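Worksheet: one structure, shown below.
Residue numbers (full-length UniProt numbering): 1 to 304.
Encoded structure:
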């Protein structure tokens, strides 16, 4: 198949580059900026004509949308751009896939939840209750894709990290190595997700779609949840990062979320129920600490 990946220079996009080498499919990696030494086609996903032109030129059958506006705090003061990237662009991509009877794989977020208190893992059919512009626009993006009516697989994920770009793991590796003391919130629970594991899940979806080769609608289209297995707080996550890196000199203490004022109320419990994606696609999902070790080993920072 001919597959288009947007946001190819981000965390997940870079993992998709690695995954693509394990397949016979033809990938086109796009972003809005070039990175030296990395082959990238320039594409503005908010430009409908540009998107449809590239789909036609490359004979694209599937789009994997890894592009998004992800600065949660800044989104509150920049909601127009946030909506353009997170809600309007997915609609454009969906329309492009509908025209060629193709598949859109859209990456969404646990931030579509959070307004209601939860203490059990969130299911796909649970009502979205976003608390800020980021979650609200990502939920609008999901709804826009559904309204277009193309074949789609929307994958909500959470707490994404990788060897690439800026992320929580890299930040905490630096802070626990250089600070004598650190306070990290313990009253937000979720599950870290290694971007490579998510890329493997996407690859599984693409292979299933190619095998089914639908002419009248993909039988497995819908919304799915994916993160690594297990549950932890940001405090627990940090403790494990420091332990694996051998950063034992830093005193890491738990604190409450309100000690770090933010324009956005983050979900207090956003653990995702992965039963549907595991049963539908036969996925075995790694435990979060196992994947963290793999990532840190790849970064050459694993000591334990």
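Note that beta-carbon positions come from the ideal geometry of N, C-alpha and C, so glycine has one too.
The structure presented is a predicted model; accordingly, all values stated were derived computationally and were not measured.
| Item | Value |
| --- | --- |
| Alpha-carbon to alpha-carbon, residue 193 and residue 286 | 10 Å |
| Proximal residues to residue 220 (C-beta, below 6 Å), its chain only, five neighbours per side dropped | 280 |
| Residue 161 in three-state terms, based on DSSP | strand |
| Span of the beta strand (DSSP E) around residue 315 | Outside the shown range of the chain (1 to 304) lies residue 315, about which nothing can therefore be said. |
| Reduced DSSP secondary structure (H/G/I, E/B, other) of residue 181 | strand |
| Every unbroken beta strand (DSSP E) within the segment 233-257, with a cutoff of 3 residues, ordered by chain | 251-255 |
| C-alpha distance - residue 47 paired with residue 104, whole-angstrom precision | 17 Å |
| Member of 258, 69, 61, 18 whose CA lies at the smallest distance from the CA of residue 32 | 69 |
| Which of helix, strand or coil DSSP assigns to residue 29 | strand |
| Contact the segment 72-88 vs the segment 112-123: 3+ CB pairs below 8 Å | no |
| Rounded Cβ spacing between residue 231 and residue 189 (contact assumed at less than 8 Å) | 6 Å |
| Residue 96 versus residue 153: straight-line alpha-carbon distance, rounded | 15 Å |
| Residue nearest to residue 167 in terms of C-alpha spacing, selected from 30, 127, 134, 296 | 296 |
| Terminal residues of the alpha helix (DSSP H) in which residue 3 lies | Where residue 3 is concerned, there is no enclosing alpha helix (DSSP H), although the beta strand (DSSP E) it sits in stretches over 2-6. |
| Nonlocal neighbours in the same chain, by C-beta distance under 8 Å from residue 54, ignoring five residues either side | 4, 28, 30, 41, 43, 60 |
| Whole-angstrom C-beta distance between residue 12 and residue 66, which should lie under 8 Å | 4 Å |
| 4 or more residues per run - each alpha helix (DSSP H) lying fully within the segment 182-229 | 195-212 |
| Where residue 65 falls: helix, strand or coil (DSSP) | strand |
| Validate contact between the segment 161-177 and the segment 123-133 using beta carbons, cut 8 Å, 3 pairs | no |
| Exposure label - residue 267; buried when at least 16 CB within 10 Å | buried |
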